[in-house]
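In what follows, a single structure is set out as structure tokens and then discussed.
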Amino acid sequence: MKRLLSLTLLLSIFLTACGASAAPTPVPVTEAPTLAPTEVPPTATSKPESQTLLVFAAASLTDAFTEIGAAFDAANPGVTTTFNFAGSQALRTQIEEGAPADVFASANKTQMDAVIAASLITEETQKNFLTNKLVVILPANNPAALEKLEDLAKPGIKLVLAAKEVPVGKYSLEAFNLMNGSFGIDFKDKVLANVVSNEDNVKQVVAKVQLGEADAGIVYTSDAIAAPDLKTLEIPADVNVIAKYPIAPLSNAKNAELAAEFIEYVLSAEGQAILAKWGFIPVK
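Here the numbering used here is used: the first residue of the sequence shown is 1192, the next is one more, and so on.
This is the structure:
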């Protein structure tokens, strides 16, 4: 009997021990890591679309339009204004032959009318944006000792003009016709006998005089202002010719809206002030 109780007691202890060892080991609770908020990349600032405006402009506009172009670009981020400066007759030919252009600024109506006749510009879009007048330029040392307009007819004077196809050349011939009435019927013939070269644009006339290859040249007042190293002889109003400059967008302009904005800027108070600074006569 005692032996049976002992066995029962041992069995009870054994089972208790097994139950204790079978209890699951508690698993430590680990806090879930705090996730950092998802970073949203900053929205990129949109850049203005890049645009190039191509302006064909008379050579006499080189200085003024270069400044106007810089001001226009500064006021229109993303815009680059590119210029093609040459004689108006040369620009007209380039446009007629298919050269891409957005704006044409001519030094006379004749060349503008030719482009209109070719159906490349519409009549109603052209606008006069300035006027100009003629002046005689002389080298700084004035080697021919020219003192008055009549001196241009003296034998042996070396005179440089723009070709008659160039607006300033055409205006010069018109002025000589007027001078015949003041200085004698043969004044024009005497002056033309002194012409040593006919240049393709007004800037080339200026260059010839600056280089001392001529005693005198006839250019626009604006060109004389842009060349302060030269002397000038004024041409009186009664024998001078007023040049009117028209500007217009091309009918097939790649950037028609931008072309219209550029023309508007040229006609604005800011644009006209720049033109006046360079010796042109504003229309406003």
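Ideal Cβ positions, reconstructed from N, Cα and C, are used throughout, including at glycine.
Taking DSSP as the reference, what is the three-state secondary structure of serine 1310? coil
Quick one: what's got a C-beta closer than 7 Å to alanine 1250's C-beta in the same chain, skipping five residues either side? Phe1276, Ala1277, Gly1278, Asn1392, Val1393 and Lys1394
Residue burial classification, glycine 1269 (beta-carbon count within 10 angstroms, cutoff 16): exposed
What residues in its chain sit with their C-beta under 7 Å from that of proline 1473, if we drop five residues either side in the sequence? Leu1321, Gln1463, Leu1466 and Ala1467
Quick one: measure Cβ to Cβ for tyrosine 1411 and valine 1359, integer angstroms, because I've assumed they're closer than 8 Å. 6 Å
Checking the sheet assignment: what are the DSSP bridge partners for phenylalanine 1142? In the structure displayed, the chain extends from 1192 to 1475; residue 1142 sits before or after that span and is not available.
Kindly list the residues whose CB is nearer than 6 Å to the CB of valine 1351, restricted to its own chain and excluding five residues on each side of it in sequence; keep chain order. Ser1388, Val1396, Lys1399, Ala1405 and Gly1408
Evaluate the contact criterion for the region 1282-1301 versus the region 1245-1260: three or more CB pairs, one atom per stretch, below 8 Å. yes
Three Cβ pairs or more, each shorter than 8 Å: is that satisfied between the region 1336-1348 and the region 1303-1318? no
Taking 8 Å as the limit between beta carbons, can you name the residues of its chain near leucine 1383, skipping five residues before and five after? Phe1367
Assign methionine 1192 to one of two classes, buried (16 or more other C-beta atoms within 10 Å of its C-beta) or exposed (fewer than that). With a pLDDT of 42 at methionine 1192, under the threshold of 50, the predicted position of this residue should be treated as unreliable, and no value is reported.
For proline 1440, write down the residues that DSSP places opposite it in a beta bridge. Val1294
Considering only residues of the same chain and omitting the five flanking positions on each side of lysine 1349, which have a CB-CB separation below 8 Å? Ala1335, Asn1385, Val1387, Glu1404, Ala1405, Asp1406 and Ala1407
According to DSSP, is lysine 1399 helix, strand or coil? helix
How many angstroms separate the CA atom of leucine 1282 from the CA atom of proline 1330? 29 Å
Proximity winner among Lys1324, Lys1339, Asn1332 and Gly1372, relative to tyrosine 1362 (alpha-carbon distances): Lys1324
Going by other Cβ atoms of all chains shown within 10 Å of its Cβ, with 16 needed for buried, is glutamate 1390 buried or exposed? buried
Is the CB-CB distance between alanine 1415 and valine 1306 below 8 Å? no
Nearest CA to the CA of serine 1413: which residue from Ala1255, Ser1241, Glu1240 and Gln1242? Ala1255
Could you tell me which residues DSSP pairs with phenylalanine 1473 in its beta bridges? For the sequence presented, residue 1473 should be read as proline rather than phenylalanine. The partner list for proline 1473 (beta bridge, DSSP) reads Leu1321.
Reduced DSSP secondary structure (H/G/I, E/B, other) of threonine 1225: Residue placement at threonine 1225 is flagged as unreliable, the pLDDT there being 48, under the threshold of 50; the coordinate-derived value follows with that caveat. In this structure, threonine 1225 counts as coil in the three-state DSSP scheme.
Short check: CB of glutamine 1317 to CB of proline 1437, under 8 Å? yes
Kindly identify the DSSP beta-bridge partner or partners of threonine 1284. Threonine 1284 pairs with nothing; no bridge assigned.
Locate the beta strand (DSSP E) running through leucine 1244, then write down its first and last residues. 1242-1249
According to DSSP, what are the bridge partners of alanine 1434? Asn1323
Taking 6 Å as the limit between beta carbons, can you name the residues of its chain near lysine 1435, skipping five residues before and five after? Asn1319 and Thr1322
Rounding to the nearest angstrom, what Cα-Cα distance links proline 1440 and isoleucine 1426 in this structure? 33 Å
Tell me whether glutamate 1455 is buried or exposed, calling it buried when 16 or more other Cβ atoms sit within 10 Å of its Cβ. exposed
Classify leucine 1449 as helix, strand or coil using the three-state DSSP reduction. helix
What residue does the beta strand (DSSP E) around leucine 1352 start on, and which one ends it? 1350-1353
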